[in-house]
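Written below as structure tokens is the structure these notes are about.
Residue numbers (this note's numbering), protein chains in the order written: chain A, 1472 to 1581; chain B, 399 to 512.
Below, the structure written as structure tokens:
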């Protein structure tokens, strides 16, 4: 079993829909990252959080440390949101190593 | 501002040939540096990380090696490439400031070994 599990693996939505991507982890962490990878391969960091909730534009990320679970929400989805969304956890070490989930491929249709 | 460069962007190499991928970071000092690989259909995997010049830690036994000859330069190498070395290689950096450790990724190198 992977230490970081994401669901669903693939997601197709219609423009305007509310989207949720889930991430569960089994290791002790100091922080959790949500990343976005575009078709060309480039990766952008969306959020880094260790508790509670963060919001940036139409994106919202939440984390429940007790349940070892995080969610990424996209409100009013748009075709430009189509990408692979990756959850990664930072282990409790001084080097900041990340353990990555397999990613969720999102396609938003117009 | 900080930037991270990787080259080349794409590379096609025959099996058994050597490899050298370079990553450089600008605008920061003494960063932690990382090499990741993303094989087709798989998630990102940490290959090497470095907390300083000449300090390299390997996460996974493999056909690759890494070196950090300068503070902001990180090199991924192989003496003889295998087919299984094909993938998308990403370099990343971070700076330890208390608990802050956001990682910033380079544009990546897509390697195809034939």
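Here a beta-carbon is modelled for each residue, glycine too, at the ideal position from N, C-alpha and C.
Does residue 435 of chain B come out as helix, strand or coil in the three-state DSSP assignment? By one-based count along the second chain, residue 435 of chain B stands at place 37. Reduced to three states, the DSSP call for residue 435 of chain B is strand.
At what residues does the beta strand (DSSP E) containing residue 467 of chain B begin and finish? Position 69 of the second chain, counted from the start, is the residue given in the question as residue 467 of chain B. Here the beta strand (DSSP E) through residue 467 of chain B covers 463 to 468.
Out of curiosity, what's the CA-to-CA distance linking residue 402 of chain B and residue 423 of chain B? Here residue 402 of chain B is taken as the residue at index 4 of the second chain, counted from 1. Here residue 423 of chain B is taken as the residue at index 25 of the second chain, counted from 1. So the alpha carbons of these two residues sit roughly 4 Å apart.
Would residue 475 of chain B be called buried (16 or more neighbouring beta carbons within 10 Å of its own) or exposed? Along the second chain, read from residue 1 onward, the residue named residue 475 of chain B stands at position 77. Classification for residue 475 of chain B: exposed.
Should residue 1515 of chain A be counted as a contact of the ligand ADP given a C-beta to heavy atom distance under 7 Å? Ligands in the displayed structure: none, and consequently the ligand ADP is not present.
Residues that residue 485 of chain B bridges to, as DSSP identifies them: In the second chain, counting from the first residue as 1, residue 485 of chain B sits at position 87. Paired residue(s): B:509.
Can you give me the Cβ contacts of residue 481 of chain B inside the same chain, cut-off strictly under 7 Å, excluding the 5 residues immediately before and after it? Translated into positions along the second chain, residue 481 of chain B becomes position 83. These residues qualify, in order along the chain: 413 and 511.
Looking at the C-beta of residue 470 of chain B, does it have a partner C-beta in chain A at a distance below 8 Å? Indexing the second chain from 1 puts residue 470 of chain B at position 72. No, because no Cβ of chain A sits closer than 8 Å to the Cβ of residue 470 of chain B.
Classify residue 1532 of chain A as buried or exposed, calling it buried when 16 or more other Cβ atoms lie within 10 Å of its own Cβ. As a first step, residue 1532 of chain A is located in the first chain; it is residue number 61 there, counting from the start. By the 10 Å Cβ count, residue 1532 of chain A comes out buried.
Report the start-end ranges of each beta strand (DSSP E) in the region 1514 to 1551 of chain A that is 3 residues or longer and not cut off at the edges. 1514 to 1520, 1523 to 1527, 1530 to 1535 and 1540 to 1545
Nearest-angstrom Cα distance between residue 1494 of chain A and residue 1477 of chain A? Here the question's residue 1494 of chain A lines up with position 23 in the first chain. Here the question's residue 1477 of chain A lines up with position 6 in the first chain. The straight-line gap from Cα to Cα measures roughly 4 Å.
Give every residue of the same chain whose Cβ lies closer than 6 Å to the Cβ of residue 1560 of chain A, excluding the five residues on either side of it in the sequence, and list them in chain order. Locating residue 1560 of chain A in the first chain gives position 89, where the first residue counts as 1. Correct list, in chain order: 1475, 1496, 1500, 1503 and 1570.
How would you label residue 405 of chain B, buried or exposed, when you count the other beta carbons within 10 angstroms and need 16 or more for buried? Position 7 of the second chain, counted from the start, is the residue given in the question as residue 405 of chain B. When all chains shown are included, residue 405 of chain B counts as exposed.
List the whole-angstrom C-beta distance separating residue 469 of chain B from residue 418 of chain B, where the pair is believed to meet the contact cut-off of C-beta under 8 Å. Within the second chain, residue 469 of chain B is the residue found at index 71, counting from 1. Within the second chain, residue 418 of chain B is the residue found at index 20, counting from 1. That pair is no contact at about 19 Å.
When DSSP labels each residue in this structure, what does residue 414 of chain B get in the three-state scheme? The residue labelled residue 414 of chain B in the question sits at position 16 within the second chain. Three-state result, residue 414 of chain B: coil.
Count the other CB atoms, across all protein chains shown, that sit within 10 Å of the CB of residue 507 of chain B; report buried if there are 16 or more and exposed otherwise. The sequence position of residue 507 of chain B within the second chain is 109, counting from 1. Classification for residue 507 of chain B: buried.
Compute the Euclidean distance between the alpha carbons of residue 455 of chain B and residue 1483 of chain A, then round it to the nearest angstrom. Numbered from 1 along the second chain, position 57 holds the residue referred to as residue 455 of chain B. Numbered from 1 along the first chain, position 12 holds the residue referred to as residue 1483 of chain A. For residue 455 of chain B and residue 1483 of chain A, the distance between alpha carbons rounds to 39 Å.
Taking the straight line between their C-alpha atoms, what separation do you get for residue 1556 of chain A and residue 1545 of chain A? Here residue 1556 of chain A is taken as the residue at index 85 of the first chain, counted from 1. Here residue 1545 of chain A is taken as the residue at index 74 of the first chain, counted from 1. The alpha-carbon atoms of residue 1556 of chain A and residue 1545 of chain A are separated by roughly 11 Å.
Alpha carbon to alpha carbon, how far is residue 1572 of chain A from residue 407 of chain B? Residue numbering aside, residue 1572 of chain A sits at position 101 when the first chain is read from its first letter. Residue numbering aside, residue 407 of chain B sits at position 9 when the second chain is read from its first letter. Roughly 24 Å between the two C-alpha positions.
Would you grab the beta carbon distance between residue 1492 of chain A and residue 1576 of chain A for me? Rounded to a whole angstrom, and I think it's under 8 Å. Here residue 1492 of chain A refers to the residue found at position 21 of the first chain. Here residue 1576 of chain A refers to the residue found at position 105 of the first chain. With 8 Å as the limit, residue 1492 of chain A and residue 1576 of chain A do not qualify as a contact, their Cβ atoms being about 10 Å apart.
Alpha carbon of residue 509 of chain B to alpha carbon of residue 1520 of chain A, nearest angstrom: By one-based count along the second chain, residue 509 of chain B stands at place 111. By one-based count along the first chain, residue 1520 of chain A stands at place 49. C-alpha separation (whole angstroms): 32 Å.
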